[in-house]
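Engineer: Take the sequence shown: its position 176, counted from the start at 1, is 175 in numbering that gives the first Met the number 0, and no numbers get skipped. I have a structure I would like to understand better, so I am pasting it below and will then ask my questions one at a time.
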Amino acid sequence: MHVLSIHAGYRCQHAGRCCTSNWPIPVEPSHLTRLEDLIARGVVAPTGPAIAAVIREPDGPALLGRDHGRCVFHDTHAAGGCRIQRAAGHEALPLSCRQFPRQSVTDPRGVSVTLSHYCPTARALLSTAGGPVGIVDRTTAFPAHEEYAGLDATASLPPLLHPRCLLEWDAWWLTEALAVRLVDDDPRRGLPRLALAVEHLRTWRPGTVPLRDLVQRAFDVASIAAVAEWDPAADALATHVADALAAVPEEWRPDAGRALATRAAALPDGEVGRFLAAHVFANWSAYTGRGLRTWYRSVEAAGCLVRLTNDPGMVDLVLRHLADSSALITRWSRAETSPVIRRP
Ligand code: SF4
């Protein structure tokens, strides 16, 4: 189990964001049977008796009912707002409720989990965390025996360095760890330095230096490179907004547009760095994209959108929840045909 040090103390505080966002909440068949039994026995009751507790679609999963955007099992009880959880425990919740705000990937190293900062409790960790961000591998908040749905790359080949060359697992994990440190160390220069490291790594050819050695070298060089502070041009920001919105299904696009129109007060550099680290780590685009430029581009997207909105929660709402991840990654993969940074 691997998580970022800033997320290691995460505990659900029942903020209720996932229960009140008008999201369809699917219930898997095993949990549906149990839930219907709990309802039939009067152990759990929906808050709005006029609304069906469970909606069965002919060609899709059963969904929990919603009342004005709120799950019909959500209330404002001081012991936590979910009636199912209070009556029958965490295990009785549908999978999507048990996972939020976790975003995980499983590879031969094990499970890696990052968090969506659309959850206010996770968002607060960006402000309150102290010390440098790192990847930690043992934490009581994320026990190994829990279920982590997400991307399963256990039987996959390592991520692509570029469309014609694979990385090695050790080299990828080192890349990820050094990139977390790079963007957290100097948030104003982290992205251009990460771009330099990615372009450096793409120079590797089989039969030359061990790839892991080149990773270390690329990040050593990038971490002291004299780069200007990151200041994306207006057209770069607009491209990232357009890519994000294009990847959101039409019915959710107005919500995504409103989220990206947010203009909050400027964020402290430390929060920006920690937010970028949370997008560097456990990032699906490294596993399913066409190379490290695609992965870089996804981190740059998070950086651009947070530069515009100053609101990590709204950015994660769009990138992690409303957008279709494969559509986003397809768009970011266009980066494989041109350098992500121009060398001076
Ligand atoms: S089932 Fe419980 S945790 Fe899930 S959305 Fe409804 S109120 Fe929230």
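Think of the CB as a built atom: it goes at the ideal place given N, C-alpha and C, for glycine as much as any other residue. Remember, predicted model here, so these are calculated numbers, not experimental data.
How many angstroms separate the CA atom of S95 from the CA atom of D184?
Structural biologist: 34 Å
Engineer: Is H73 helix, strand or coil when you go by DSSP?
Structural biologist: Here H73 sits in strand by DSSP.
Engineer: Less than 6 Å between C-beta atoms, sequence neighbours within five positions excluded: which residues of the same chain meet that for T287?
Structural biologist: Same-chain partners within the cutoff: I328.
Engineer: Can you give me the C-alpha to C-alpha distance between T19 and R69, rounded to a whole angstrom?
Structural biologist: Counting only the Cα atoms, R69 lies some 4 Å from T19.
Engineer: Given V197, which residues of its chain have a CB within under 7 Å of its CB, disregarding the five upstream and five downstream residues?
Structural biologist: Closer than 7 Å at Cβ, skipping near neighbours: L291, R292, Y295, V339.
Engineer: Nearest CA to the CA of T308: which residue from P107, A237, G41?
Structural biologist: A237
Engineer: What's the C-alpha gap between A140 and T127?
Structural biologist: 17 Å
Engineer: Please return the same chain residues whose Cβ sits closer than 8 Å to the Cβ of R85, not counting the five positions on each side in sequence.
Structural biologist: H76, A78, G79
Engineer: Under 8 Å from any heavy atom of the ligand SF4, does the C-beta of L92 make it?
Structural biologist: Yes, the Cβ of L92 comes within 8 Å of a heavy atom of the ligand SF4.
Engineer: Tell me, please, which residues DSSP counts as bridged to S111.
Structural biologist: H1, V104
Engineer: Along the chain, which unbroken stretches of the beta strand (DSSP E) at least 3 residues long are found entirely within the segment 247-291?
Structural biologist: none
Engineer: Return helix, strand or coil for I223, following the three-state DSSP convention.
Structural biologist: The answer is coil: DSSP assigns I223 none of H, G, I, E or B.
Engineer: Would you call the CB atoms of H65 and N21 closer than 9 Å?
Structural biologist: Note on identity: in this sequence residue 65 is Arg, with His being the wrong assignment. Their beta carbons are under 9 Å apart, which means R65 touches N21 by this criterion.
Engineer: Closer than 8 Å: is that where the CB of L62 sits relative to any heavy atom of the ligand SF4?
Structural biologist: no
Engineer: Of all the alpha helix (DSSP H) runs that stay within the bounds of the segment 106-179, which reach a length of 4 or more residues?
Structural biologist: Complete alpha helix (DSSP H) runs here, min 4: 119-127.
Engineer: Is it right to say G302 is buried, meaning 16 or more other beta carbons lie within 10 angstroms of its own, or is it exposed?
Structural biologist: buried
Engineer: Measure the CB-CB distance between R262 and A221 and report whether it falls below 9 Å.
Structural biologist: no
Engineer: Tell me whether H73, by its Cβ, gets closer than 8 Å to a heavy atom of the ligand SF4.
Structural biologist: For the ligand SF4, at least one heavy atom lies less than 8 Å from the Cβ of H73.
Engineer: Suppose you measure from the CA of H73 to the CA of W283; what does that come to, to the nearest Å?
Structural biologist: 31 Å
Engineer: Report the three-state DSSP secondary structure of V53 (helix, strand or coil).
Structural biologist: strand
Engineer: Specify, as a first and last residue, the run of the beta strand (DSSP E) that A61 falls within.
Structural biologist: Element bounds for A61: 61-63.
Engineer: Are R273 and L177 touching if we call contact CB-CB under 9 Å?
Structural biologist: no
Engineer: Is the Cβ-Cβ distance between A87 and R16 less than 9 Å?
Structural biologist: no
Engineer: Can you list, in chain order, the residues of its chain whose CB lies under 8 Å from that of G256, leaving out five sequence neighbours each side?
Structural biologist: L244
Engineer: Can you tell me the Cα-Cα spacing of P93 and T174, whole angstroms?
Structural biologist: 35 Å
Engineer: With distances taken between CB atoms, is the gap from H6 to L114 smaller than 9 Å?
Structural biologist: yes
Engineer: May I ask which residues mark the beginning and end of the alpha helix (DSSP H) holding V197?
Structural biologist: 189-200
Engineer: Just the C-alpha distance for P57 and E250, rounded to the nearest angstrom, thanks.
Structural biologist: Going from the Cα of P57 to the Cα of E250 covers about 20 Å.
Engineer: Return yes when the Cβ of V26 is within less than 9 Å of the Cβ of G47, no when it is not.
Structural biologist: For G47 and V26, no; Cβs fall outside 9 Å.
Engineer: Please tell me whether, using a cut-off of 8 Å, the distance from the CB of R82 to the nearest non-hydrogen atom of the ligand COA is below it.
Structural biologist: Of the ligands one can find in the structure shown, namely the ligand SF4, none is the ligand COA.
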